[in-house]
Amino acid sequence: GRNRLDPFFKPSAWSPDLLLSINYLMHSVISHSLVDEYGGFRSEVDGAQDWDLSLRITRKRRNIVHIPKVFYHWRQVPGSAAREANAKPWAFAAQARCIEDHLHEIGETDARVDFPGLGRVHVSWARTKSKVSIIIPNKDNVDLLSACIHSILERTTFENYEILIMDTGSKDRSTFEFYDQITQNSHVSLHLYPHRFHYHKVNNYGAKLASGGLLLFLNNDTEVINPEWMGELAAWAERPGIGVVGTKLLYPDGNIQHAGIVMGVEGHGSHIFEKLPEHHYGPFGSPDWYRDYKAVTGACMMIPKTVFTELGGFDENYEIGYGDIDICLRAGEAGYRVVYTPFAELVHHEGGTRGFSLPPNDVIRASYRMYDQIRDGDAYFNPNLSYLRRQPTVADPREPERGERILQILHLFGQIDTTALEMNPDPGEYLVEEPVIIRPDDPPGKKILMVSHEMSLTGAPLILSDLARYLTGQGFSITV
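Heads up: the sequence shown is residues 2 to 481, going by this note's numbering.
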C-alpha cells in the first residue's frame, strides 16, 4: 500500500458525455438523502451499480463539484478491476444495461450500447434522416482532394449528403480535369470562390450555399477510415444541447493527430493526446472516450445549420487560424456543448489544406480574445496536468502560469510591456494592418526556416522566438 501509481485526473467541469464512456465519478461522495431518493443500488446491474447510480442521479441533478486534489487511492489486488479492466467480464452486460436504461429514460429509446474493444463504449443512436452538407475548401492539391472525396464516396454508408468543393483560385489543368470528372457524381458540386483565400470567409460562403441541415466542415487533406463516420457525427449533432461535434483524427502512421483541444496547452490551445497511440491510456484517461471539450478542430467539424446561423458563422476577423476554437467557445457561451466522439475516425495529412504558418493578426487577436479563458484554465482539463505538453503529463509546480505565456506571445509581437502585466480590453488598435504572411509563391528574398521541438515559449523555444523577432526586424521573412 505504499506505492502510488497510475493517477487518473478527471475534468474539473461536469462532463455528461464522458459519463457514457466510463464511470469517471467512480467512488464519489454522494449525499445520503440523494441515494435514498433515487432508490440506492439496483441489484439487476450488479457490477456496474455505482455507474448506474451516478447516471440516475445526474439525469436531474447538476450541482456536482470536483475538487482537484488526490484524496483517494484505490487498492490493487489480484482479481480487482482496479488492477485489470477485464478482471470482471460479467460486468460488461451490467454496464451496457445501465447505460441503455439511462438513455431510454432521457428519450433515446432506440439507442444501443456495444463494446468494440476493451475500455471502449460505443452508443449507436437512432439514425438521422437529416441531410449533411460537406464543405471542402480547395486550391489545386488535386491528389489530396481526390483521395479525400473518393474515400467519402466509396466508404461512406450514410446516403443523404452533398459535397461542396469550394475552389479558392486553382490554376492547374489537372485540378479542373478532376473537377469535371468528379462532379459527374450527383453528390458533388463545384463552387468558385471569387476572392483571395480566406479560410473562414470561404467556409461561411459554403455554408450559405449548403442545402443540408447539418454542416460538416472538412479539410481536403483528410481520408475516411470508418464507413459509419458521417452517421456517427450526424447522430451526435442532432442530440439536444449539442452545438459542435468533432472526432478522432489520425496521422498516416496511426498515431493521434486530434482527439480534442484543451485551451492553454502550449499557448492558446492545442490538440490533446497528439502523437500518442490511438488507444492510449494515461493520467487523463483515453482518447477512446466520448468527451466534452471547450473546442475541437475545424479539420473535421459538424455543426447544425441552425446553431451555425445563430452564432453568426465563423468570425471573419480570423483569416486562417483560431476560427474553429472561436466558434466552439461562442457555442459554449450560448449554452451548447462541444462534443468529441472517437468513433468517426479519419486520417489527417496535417498541413495539406492551409499550411502551418499563421498571420500575425490571427495570433494577436486570439491572444486578446481568448486570454481570460486561457488564464483561468480549461474546465474540461485538470489543473494537476501540464499545460506545456500535448501528451497528458503530471504538471511540474514550477511551470509558468497559463496567462503568462500569452503575455509573452503579445510581448514578442510588440503589443505590450510585460512588466506592466496589463491587458488592454480593445485589441483593435494593436493589430498590424499588413501582416507578413509567408506563401510558397512569394518572390525570392531573405527567408529563414526555424524549427523548434515545441512552441511552449519556455527555454529553447523562447530563445528561438526572440531570435525570430529580432531577425524579422532586420528584414528577414521567418517561418517557424
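Glycine included, C-beta positions come from ideal geometry on N, C-alpha and C.
request  = Note down the Cα distance separating L154 from L359, rounded to an integer number of angstroms.
outcome  = 32 Å
Integer Cβ distance of G270 from A296, believed to fall under 8 Å = 6 Å
key: Proximal residues to Y39 (C-beta, below 6 Å), its chain only, five neighbours per side dropped   = R57, I58
Rounded C-alpha distance that separates P288 from F344 = 10 Å
key: Contact belief for G324 with G299 at Cβ below 8 Å, rounded distance in angstroms   = 7 Å
inquiry  = Which runs of the beta strand (DSSP E) at least 3 residues long sit entirely within the region 151-189? Give them in chain order.
reply    = 162-168
query = When DSSP labels each residue in this structure, what does P436 get in the three-state scheme?
reply = The predicted model places P436 with a pLDDT of 41, which falls under 50 and marks its position as unreliable, so this point remains unresolved.
message = Tell me which residue opens and which closes the beta strand (DSSP E) that L408 is part of.
response = Careful: L408 lies outside any beta strand (DSSP E), inside the alpha helix (DSSP H) at 403-413.
message = Quick check: the Cα distance between G207 and L165, rounded to an integer number of angstroms?
response = 7 Å
inquiry  = Between N221 and L145, how many whole angstroms is the CB-CB distance? I'm expecting something under 8 Å.
reply    = 5 Å
ask   = Is E320 helix, strand or coil by DSSP?
value = coil
task = Between the Cα of K11 and those of D18, R3, F179, Y25, spot the shortest distance and give me the residue it belongs to.
result = Y25
request  = Using the Cα positions of V114 and V122, report the straight-line distance between them to the nearest angstrom.
outcome  = 7 Å
message = Going by beta-carbon coordinates alone, are L330 and Q374 separated by less than 8 Å?
response = yes
request  = Note down, in chain order, each residue of its chain lying with its Cβ closer than 8 Å to the Cβ of L193, except the 5 sequence neighbours on either side.
outcome  = D168
ask   = If you follow the alpha helix (DSSP H) that I365 is part of, which residue opens it and which one closes it?
value = 361-370
query = Below 8 Å between beta carbons: does that hold for R376 and G242?
reply = no
query = Which residues in the same chain as G378 place their Cβ atom closer than 7 Å to its Cβ, once the five residues preceding and following it in sequence are excluded?
reply = G265, P384, R403
task = Report yes if the C-beta distance between K202 and N161 is below 8 Å; otherwise report no.
result = no
D102: first and last residue of the uninterrupted beta strand (DSSP E) it sits in = No beta strand (DSSP E) contains D102, which is instead part of the alpha helix (DSSP H) from 92-106.
task = Ignore the nearest five residues each way along the sequence and tell me which others in A236's own chain have a CB closer than 6 Å to its CB.
result = W126, T129
request  = List the DSSP bridge partners of P69.
outcome  = P69 pairs with nothing; no bridge assigned.
request  = Could you tell me which of D316, C99, W290 sits nearest to A332, measuring between CA atoms?
outcome  = D316
task = Return the CA-CA distance between D363 and N205, expressed in angstroms with no decimal places.
result = 17 Å
key: Spatial distance of E311 from E163 (CA atoms)   = 22 Å
request  = Could you tell me the boundaries of the alpha helix (DSSP H) in which Y200 lies?
outcome  = 200-210
task = Over the uninterrupted alpha helix (DSSP H) stretch that includes D37, give me the two end residues.
result = 33-38
Backbone CA spacing between T110 and A396 [nearest angstrom] = 42 Å
key: Whether M303 touches V225 by CB criterion (8 Å)   = no
Spatially closest choice to R5 from W75, M27, S368, G283, by CA coordinates = W75
key: For M231, the three-state DSSP class (helix, strand or coil)   = helix
task = Could you tell me which residues DSSP pairs with V225 in its beta bridges?
result = L347
query = Going by DSSP, what residues sit across from L145 in a beta bridge?
reply = Partner(s): none; L145 has no beta bridge.
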